[in-house]
Amino acid sequence: MEFTALAKLVVIGDSSVGKTCLILRYTQDVFRESFLPTIGVDFKSKIVEEGEKRYKLQLWDTAGQERYDSLRRGFYRGAKGVIVVYDITSIESFDNVTKWIEDITTNAGPTQPLLLVLGNKIDNASARKVPTVSGQQIAKSVGACFGEVSAKTGEGIEEAFQHYVCELVNRIDKDQSRYSDVGLLGHSIDGDHWSRSNESKCCGGHNPGTASNPSSPHKPKVDFDPLI
């Protein structure tokens with residue numbers, strides 16, 4: 001099936017923060033209670049449509065253990081986006097977000113990918129250790145998108161990826177019109193669980209989970225693509 005562009009997205013974060021569950025929820029809308037830890041890397045695909053254009057997203061699921069550092073870093077190059085996941089019930093996983101972002105900055109190459117920081121497991125509110133504002137602040141400090149989600153219930157997933165992918169495809173289109181080689185720079189977005197350092201036409205000040213604003217720009221239609 002033909003598509004306008006292929007975008008590699010790398011999902012990183014500590015072990016057990018729910019990276020695999022997030023990818024499955026977004027690409028297949030399913031949740032599995034238990035998984036064996038990811039060994040090395042794996043990926044799943046999804047097609048995003050906007051107008052007459054089709055964009056193929058490859059979401060690469062990476063292992064969080066240190067022994068896979070060199071393998072994982074090789075996947076940063078050529079990535080259009082990187083999603084950094086932490087667990088809102090784990091201070092340690094949040095504290096390591098800075099380490100993960102530094103790892104990207106150091107190893108991604110001259111073209112830095114579009115960043116998204118996601119706090120997972122908001123369904124477990126009684127065990128929350130990381131305030132929403134802390135996630136917003138760290139994302140804002142690096143010009144990254146930010147969201148809080150639950151891979152278990154699906155809460156926040158669609159909103160997070162709609163905004164992020166909208167910005168992603170806008171940048172792909174913009175850079176394709178200027179260069180033959182697509183590159184992306186970081187940008188961030190706004191909403192109830194969002195922060196941004198620059199204006200984005202994808203957001204229009206719209207808060208995820210509220211009624212649509214007629215003046216807001218069109219959000220991408222998405223459908224599922226068979227796993228590769």
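Reading the sequence shown from the start, the letters are residues 1 to 228 in the UniProt record's numbering. Backbone N, C-alpha and C define an ideal beta-carbon position, used for all residues, glycine too. These numbers come from a predicted model, not from an experiment.
Beta-bridge partners of Leu59 (DSSP): Leu9, Lys44.
With contacts defined as CB atoms closer than 8 Å, Gly154 and Arg25 qualify as a contacting pair. In this structure, Ile104 lies near Val82, with their beta-carbon atoms less than 8 Å apart. About 17 Å separates the CB atoms of Val133 and Asp87; that is not less than 8 Å, and the two are not in contact. For Val97, the enclosing alpha helix (DSSP H) begins and ends at 97-107. The Cβ atoms of Leu116 and Leu59 lie no closer than 8 Å to each other. By the criterion of a C-beta distance shorter than 7 Å, Ala127 is surrounded in its chain by Thr89, once the five residues flanking it on both sides are discounted.
When rounded, the separation of the alpha-carbon atoms in Glu167 and Gly119 is 19 Å. With respect to the C-alpha of Leu22, the residue from Lys56, Asp61, Arg54 having the closest C-alpha is Asp61. About 5 Å separates the CB atoms of Val149 and Ile157; that is less than 8 Å, so the two are in contact.
The alpha-carbon of Val97 is positioned some 19 Å away from that of Ala151. Residue state for Tyr86 is assigned as strand, using DSSP reduced to three classes. Annotation: the continuous alpha helix (DSSP H) that includes Val133 extends over 132-141. Per DSSP, the unbroken alpha helix (DSSP H) holding Ile23 starts and ends at 19-28. Ranked by how close their Cα comes to the Cα of Thr27, the residues Ile47, Ala144, Ile122 have Ile47 in first place. Its Cα nearest to that of Asp14, the residue Glu92 stands out among Asp173, Glu92, Ala125.
Setting aside the 5 residues that flank it on each side, Trp100 is surrounded in the same chain by Ile12, Gly13, Val84, each with a C-beta closer than 7 Å to its C-beta; the list follows chain order.
Between Lys19 and Phe43, the alpha-carbon positions lie close to 11 Å from each other. Here Phe146 is bridged, per DSSP, to Val117.
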